Amino acid sequence: MIHSFLFLLALGAAEERAIAFLSREVPAWPAENQCFSCHNNGDAARALFAAKRAGYSVPSESTRVTVEWLADPAAWSDQKGADAFSDEALARIQFASALLDAIDVGLVEDESTLDRAAALVASDQKPDGSWKLDVSASIGSPATYGTFLATAVARRVLAAADAKRFAGELEGADRFLRDVEVKTVLAAAAVLSGLVGAEDTAAIAQRERCLELISQGQAPSGGWGPYVTSAAEPFDTAVVVLALARLGGHEEKVKAGRRYLLETQIADGSWPETTRPAGQISYAQYISTTGWALLALVETE
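According to our numbering, the sequence shown is numbered sequentially starting from 38.
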């Protein structure tokens, strides 16, 4: 009983440290670089919006400039300088996802901005129903997503914006998520997230395949890596935890994943970056990893 109480106290402190860290980093990027980035102003900002929705105190100034920029999707393609988006389709997904959460917590009042953002996202869908990215040859990472995670996140944006208007695109995404062969833990978690709420035969069968991979891939530490045999990583663990929590019925696995995230957090509130291959140094991956980890914690309380 005492151990559980202390764990809950530590978890709250972990979330607050992560919020404090990202509240500094999110506004620092545009101030220092005169541009916006997918990692700071997309993934990390989205995590701060989710924290606000969960009832945490998030300084309004930490996201003010980002919110103003997210609310103008037409300006997203005007990025200049060293951080000009190498994959505009990915950037649109990341910014639209952050915009969706900004609207959800009342930071953007004009909901028509989401319709415009969703139209941009929809325009990048491939004929097979997926969102294949320039980096899709890789398994996917915190800042680059990969095809499976990009498709699941894009689907979330379109469904929230206007399920009727984007019915064709949603049908294509649903077909892809049901039919695609899933071989990795990260892909399984992404597909599982995209299938939440679906109860047709194909979705149920695909869900079982994904859950089997996730069960096989859980490390003794409680976390997950990108492959069944991989060491656990914060990013992959966060994506799995989010998917299992949204599905429901897997509380012990979610709890173990949360403990892993708590144990791997750095004292300043961040998490070590998940990179491909592992062990590399990347500021973009560092910030996106921290954003995903915080998102997993605040959405699974």
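From the three backbone atoms N, C-alpha and C, an ideal C-beta is built for every residue, glycine too.
Nothing here was measured: the structure is a model prediction, and the numbers come from that model.
Output the boundary residues of the alpha helix (DSSP H) element that contains Glu208. Glu208 -> alpha helix (DSSP H) spans 204-216.
Could you check which residue in Ile318, Glu52, Lys290, Leu229 has the C-alpha nearest to that of Val95? Comparing Cα-Cα distances from Val95 to each of Ile318, Glu52, Lys290, Leu229, the minimum goes to Glu52.
Using the Cα positions of Ala55 and Pro164, report the straight-line distance between them to the nearest angstrom. Answer to the nearest angstrom: the Cα atoms are 39 Å apart.
Give the C-beta separation of Arg283 and Val233 to the nearest angstrom, bearing in mind that I take them to be a contact with Cβ-Cβ under 8 Å. Yes, they are in contact, since the Cβ atoms of Arg283 and Val233 sit about 5 Å apart, within 8 Å.
Nearest residue (CA-CA) to Val291, options Ala330, Ala321, Ala304: Nearest C-alpha to Val291: Ala330.
List the DSSP bridge partners of Trp261. Under DSSP, Trp261 takes part in a beta bridge, and its partners are Gln255.
Below 8 Å on the Cβ atoms is my guess for Asp76 versus Ala180; work out the distance and round it to an integer in Å. Note that residue 76 is His in the sequence shown, not Asp. Under the criterion of beta carbons closer than 8 Å, His76 and Ala180 qualify as touching, at roughly 5 Å.
Could you work out which residue in Ala189, Trp261, Ala235, Leu85 is closest to Thr221 when comparing CA atoms only? Here the closest residue by C-alpha is Trp261.
For a minimum of 3 consecutive residues, which ranges assigned as the beta strand (DSSP E) are wholly contained in the segment 265-298? Within the segment 265-298, there are no complete beta strand (DSSP E) runs of at least 3 residues.
Buried or exposed for Asp120, please, with buried defined as at least 16 other CB atoms from any protein chain shown within 10 angstroms of its CB. Here the model assigns Asp120 a pLDDT of 49, short of 50, so the residue's position is not dependable, and the following value carries that caveat. Asp120 is classed as buried because its beta carbon has at least 16 other beta carbons within 10 Å across all chains shown.
Assigned exposure category for Gln302 - 16 Cβ within 10 Å defines buried: Classification for Gln302: buried.
Which of helix, strand or coil DSSP assigns to Cys72: Three-state DSSP puts Cys72 in coil, outside helix and strand.
Using the C-alpha atoms, what's the distance from Arg61 back to Ser99? Those two C-alpha atoms are separated by around 7 Å.
When you compare only the Cα positions, how much space is there between Ser134 and Thr266? So the two alpha carbons sit approximately 31 Å from each other.
Could you tell me whether any non-hydrogen atom of the ligand ADP is closer than 7 Å to the CB of Thr221? The model on display carries no ligand, and the ligand ADP is accordingly not part of it.
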